[in-house]
Amino acid sequence: MDQRSPRLSRTIRLSVRMASIITALSVSGCDSTVTGSSTPAELDVRKLDVGSYSTTPLDMRYTYQNDLSGGLKLAVMRLSDHVVTGMDIDPRFKYSTGSIPFVDAAKATTVLADVTKPVLERNKMMFGFASGSVDKEPDKSGKKVDGQSFTTVAVMQFPNESVAKQAATEIAEADFAVAADKNEKVPLPSYPEAHTHWRPGVATIGSVMAKGSYVISLYLSNTTPDLAALTNLAEKSYAAQIPRLDALEPLTAEGVLFLENDPDGMLRRTFNPNAMGLPDPGKQGSYTMQGFLHQVANTARWKETLTDVGLDRFSLSYAGSFSTSMLFRTRDAESARRLASTILDGVYPGVADAPAALPDAKCGEGKSTDDIEKKRFRCVVTYREYTATVEADQLRDAHQRAAAQYALLANSQ
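Residues -29 to -1, 1 to 384 in mature numbering (1 follows the signal peptide of the UniProt record, and there is no 0) are what the sequence shown lists, from first letter to last.
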């Protein structure tokens, strides 16, 4: 078995940042008039100081034009909502090591062995998503710690079932051949169709199996080279992943082109000052709770928190100046306020003034850093069942962003 790193990528942490690498112009903090209306029971958002930020829903400022590039990114986000986290396999895998969306073989081989690239290209892999977890919290640099076990699960879609089956066989053969004199094939009693092998004395196991038009690739480790334990972990991984794919209808090439950009109306409500609506995982997208959990470091903590508040949708948008805005849809208004009380914990522990005009708004100041994607201030606002966050390096700018987000939520009803 090739000695791939268990670490997929730079960990994507909510407590640090959502991945965002587009360079955009910052929006100035000048005063402007807010459009909208008020009801007797709600704040008159027309009186809020939103600077020059728009309070108009995104779909009134941007129209998504269906194309292959955008469709594939939407397909990846859709798939991520159906890929397991480590905790779904075994509750001990509480921490994420990151996730990788991919739409081509070159990116896929940052997860799979390099030798599988021709296989993926030959069999016309459409798109895929990979997620990694560990059972011990990584150190602050994200590096592996001693005695750490990991899971890496990648799911790819191919054009049809026969192609997926052929691809799974060829992926396994190419991976095995990297060290054919040292690797040994391993049967999985519960999944005889899976192609599985390990290298005796090495505490890892790899397995590949087709499921309909999908191919599942596993790369797993244990603290010791115990084949029985590794085999059990592989079977538990398939047991957790397969039902999620049963619930996900494969996409045709044409179907990819007609995916909706904002099916639940989350992105139209998310603060997006530059109206940059092109779909892009980690920058501009909407997810279920499952998709969100791939993007945070402490899976266990966030799963408990979000289950408690009944979260069903999450969205994020690029908000200019290397910042990201986020929106959470919870069970009800009380749940939204409860979630808001936790979002500043850890990374924004400093006390910062909240915008006085916004009910229940909170702001925190983060620790000093040279990272341009880590903003100094984060503010949280709630509106009905929604909790939203905005970030900025200047407190007044953060306040204006928060006010604009609140007004946007009110104007989107």
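Just so you know, even glycine gets a beta-carbon here, dropped at the ideal spot from N, CA and C.
- Query: Would the beta-carbon of Ser192 fall within 9 Å of that of Ala174?
  - Reply: Position 221 of the sequence shown, counted from the first residue, corresponds to residue 192. Position 203 of the sequence shown, counted from the first residue, corresponds to residue 174. Yes, Cβ-Cβ distance for Ser192 and Ala174 is below 9 Å.
- Query: How about Ser312: is its C-beta nearer than 9 Å to some C-beta of chain E?
  - Reply: Of the chains in the structure shown, none is chain E; there is only one protein chain.
- Task: Using the Cα positions of Gly317 and Ser102, report the straight-line distance between them to the nearest angstrom.
- Result: Here residue 317 corresponds to residue number 346 of the sequence shown, with the count starting at 1. Here residue 102 corresponds to residue number 131 of the sequence shown, with the count starting at 1. Going by the C-alpha atoms only, they are around 24 Å apart.
- Item | Supposed contact pair Cys334 and Ala327 - C-beta distance, whole angstroms, cut 8 Å | Taking the sequence shown and counting its residues from 1, one reaches residue 327 at position 356. Taking the sequence shown and counting its residues from 1, one reaches residue 334 at position 363. So it is not a contact: roughly 11 Å between Cβ atoms.
- Val86 (DSSP reduced to helix, strand or coil): In the sequence shown, residue 86 corresponds to position 115, counting from 1. Val86: helix per DSSP, three-state reduction.
- Message: Between the alpha carbons of Thr241 and Ala165, how many angstroms are there, rounded?
- Response: Within the sequence shown, residue 241 is the residue found at index 270, counting from 1. Within the sequence shown, residue 165 is the residue found at index 194, counting from 1. Rounded to the nearest whole angstrom, the CA to CA distance from Thr241 to Ala165 is 42 Å.
- Secondary structure at Ala359, three-state DSSP: helix, strand or coil? On the sequence shown, residue 359 is found 388 positions in, with the first residue counted as 1. Here Ala359 sits in strand by DSSP.
- At least three beta-carbon pairs within less than 8 Å, the stretch 261 to 268 to the stretch 52 to 70: yes
- Task: Return the CA-CA distance between Asp331 and Thr353, expressed in angstroms with no decimal places.
- Result: In the sequence shown, counting from the first residue as 1, residue 331 sits at position 360. In the sequence shown, counting from the first residue as 1, residue 353 sits at position 382. Answer to the nearest angstrom: the Cα atoms are 7 Å apart.
- Query: In its own chain, which residues sit with a C-beta less than 8 Å from the C-beta of Trp273, not counting the 5 before and 5 after it?
  - Reply: One-based indexing of the sequence shown puts residue 273 at position 302. Closer than 8 Å at the Cβ level, and outside the excluded window around Trp273, lie Leu(-16), Phe263, Leu264, Val267.
- Specify, as a first and last residue, the run of the beta strand (DSSP E) that Val105 falls within. Reading the sequence shown from its first residue, position 134 is the one you call residue 105. 98 to 105 is the span of the beta strand (DSSP E), which, as asked, contains Val105.
- Message: Using only CA atoms, which one of Pro163, Glu336, Gly183, Pro158 lies nearest to Gly176?
- Response: Counting from one through the sequence shown, the residue named residue 176 turns up at place 205. A small correction: the amino acid at residue 176 is Ile; Gly does not occupy that position in the sequence shown. Considering only alpha carbons, the answer is Pro158.
- Assigned secondary structure, Thr270 (DSSP; H/G/I helix, E/B strand, else coil): Indexing the sequence shown from 1 puts residue 270 at position 299. Three-state DSSP puts Thr270 in a helix.
- Cβ neighbours of Ser(-2) in the same chain (closer than 8 Å, five flanking residues each side left out): The residue given as residue -2 occupies position 28 in the sequence shown. Bear in mind that a pLDDT of 26 at Ser(-2), under 50, signals an unreliable position, so the model cannot answer this.
- Query: Is Ile343 buried or exposed, if buried means 16 or more other CB atoms sit within 10 Å of its CB?
  - Reply: Your numbering for residue 343 matches position 372 in the sequence shown. Ile343 is exposed by the Cβ-count criterion.
- Can you tell me which of the three DSSP states Gly248 falls into? Sequence index remark: in the sequence shown, residue 248 carries index 277 (1-based). Coil, per DSSP.
- What is the rounded straight-line gap between the Cα of Ala77 and the Cα of Ala139? Your numbering for residue 77 matches position 106 in the sequence shown. Your numbering for residue 139 matches position 168 in the sequence shown. For Ala77 and Ala139, the distance between alpha carbons rounds to 17 Å.
- Message: Since Val179 and Ala143 should fall inside the 8 Å C-beta cutoff, what is the C-beta to C-beta distance between them, to a whole number of angstroms?
- Response: Sequence index remark: in the sequence shown, residue 179 carries index 208 (1-based). Sequence index remark: in the sequence shown, residue 143 carries index 172 (1-based). So it is a contact: roughly 4 Å between Cβ atoms.
- Return the CA-CA distance between Lys136 and Lys88, expressed in angstroms with no decimal places. Along the sequence shown, read from residue 1 onward, the residue named residue 136 stands at position 165. Along the sequence shown, read from residue 1 onward, the residue named residue 88 stands at position 117. Between Lys136 and Lys88, the C-alpha separation is close to 16 Å.
- Query: In angstroms, rounded to a whole number, what distance separates the CA positions of residue 390 and Glu141?
  - Reply: Because the chain in this structure spans residues -29 to 384, residue 390 falls outside the shown range and cannot be described.
- Item | Close Cβ partners of Leu228 (< 6 Å) along its chain, the five nearest in sequence each way excluded | Indexing the sequence shown from 1 puts residue 228 at position 257. Only Asn37, Gly42 meet the Cβ criterion.
- Item | Near the ligand ZN: Ala307 beta-carbon under 8 Å from a heavy atom | Of ligands this structure carries none, so the ligand ZN is not represented either.
- Burial state of Gly118, where buried means 16 or more other Cβ atoms lie within 10 Å: What you label residue 118 is simply residue 147 of the sequence shown in a count that begins at 1. Exposed, by the Cβ-count rule.
- Are the beta-carbon atoms belonging to Phe348 and Tyr377 less than 9 Å from one another? Translated into the one-based positions of the sequence shown, residue 348 becomes position 377. Translated into the one-based positions of the sequence shown, residue 377 becomes position 406. Not in contact: Phe348 and Tyr377 (Cβ atoms no closer than 9 Å).
- Task: Output the distance between the C-alpha atoms of Asp368 and Asp341, rounded to the nearest integer angstrom.
- Result: On the sequence shown, residue 368 is found 397 positions in, with the first residue counted as 1. On the sequence shown, residue 341 is found 370 positions in, with the first residue counted as 1. Asp368 and Asp341: Cα-Cα distance of roughly 19 Å.
- Message: Classify Pro160: buried if its beta carbon has 16 or more other beta carbons within 10 angstroms, exposed otherwise.
- Response: By 1-based counting over the sequence shown, the position of residue 160 is 189. By the 10 Å Cβ count, Pro160 comes out exposed.
- Item | Under the three-state DSSP convention, the category Ser208 falls into | As a position in the sequence shown, residue 208 is number 237, starting the count at 1. If DSSP states are grouped into helix, strand and coil, Ser208 belongs with the helices.
- State the Cα-Cα distance for the pair Asn131 and Lys44, rounded to the nearest angstrom. Within the sequence shown, numbered from 1, the residue matching residue 131 stands at position 160. Within the sequence shown, numbered from 1, the residue matching residue 44 stands at position 73. Answer to the nearest angstrom: the Cα atoms are 19 Å apart.
- Task: To the nearest angstrom, report how far apart Leu219 and Leu50 are at their CA atoms.
- Result: Taking the first residue of the sequence shown as position 1, residue 219 is located at position 248. Taking the first residue of the sequence shown as position 1, residue 50 is located at position 79. Rounded to whole angstroms, the gap between the alpha carbons of Leu219 and Leu50 is 8 Å.
- Task: Tell me where the beta strand (DSSP E) around Thr167 begins and ends.
- Result: Taking the first residue of the sequence shown as 1, we reach residue 167 at position 196. Where Thr167 is concerned, the enclosing beta strand (DSSP E) stretches over 166 to 169.
- Message: With DSSP as the reference, identify every bridge partner of Met297, one or two as the case may be.
- Response: Translated into positions along the sequence shown, residue 297 becomes position 326. In DSSP, Met297 forms a bridge with Leu287, Thr360.
- Measure from the alpha carbon of Thr80 to the alpha carbon of each residue in Leu19, Ser67, Ala145, then state which is nearest. Taking the first residue of the sequence shown as position 1, residue 80 is located at position 109. Cα-wise, what sits closest to Thr80 is Ala145.
- Task: Between the Cα of Thr301 and those of Thr295, Leu14, Asp283, spot the shortest distance and give me the residue it belongs to.
- Result: One-based indexing of the sequence shown puts residue 301 at position 330. Comparing Cα-Cα distances from Thr301 to each of Thr295, Leu14, Asp283, the minimum goes to Asp283.
- Query: Can you tell which of Thr358, Ala363, Glu356 has its C-alpha closest to the C-alpha of Lys346?
  - Reply: Taking the first residue of the sequence shown as position 1, residue 346 is located at position 375. Among Thr358, Ala363, Glu356, the Cα nearest to that of Lys346 belongs to Ala363.
- What does a CB cutoff of less than 8 Å around Cys1 pick up in its chain, not counting 5 residues either side in sequence? The residue labelled residue 1 in the question sits at position 30 within the sequence shown. Residue confidence for Cys1 is low, a pLDDT of 32 falling below 50, so the modelled location carries little weight; the figure read from the coordinates is stated next. Result list for Cys1: Gly22, Ser23, in chain order.
- Message: Closest to Asp279 by C-alpha separation, out of Met297, Thr313, Lys254, would be which residue?
- Response: For the purposes of this step, residue 279 is identified with residue 308 of the sequence shown, where counting begins at 1. The residue with the shortest Cα to Cα distance from Asp279 is Thr313.
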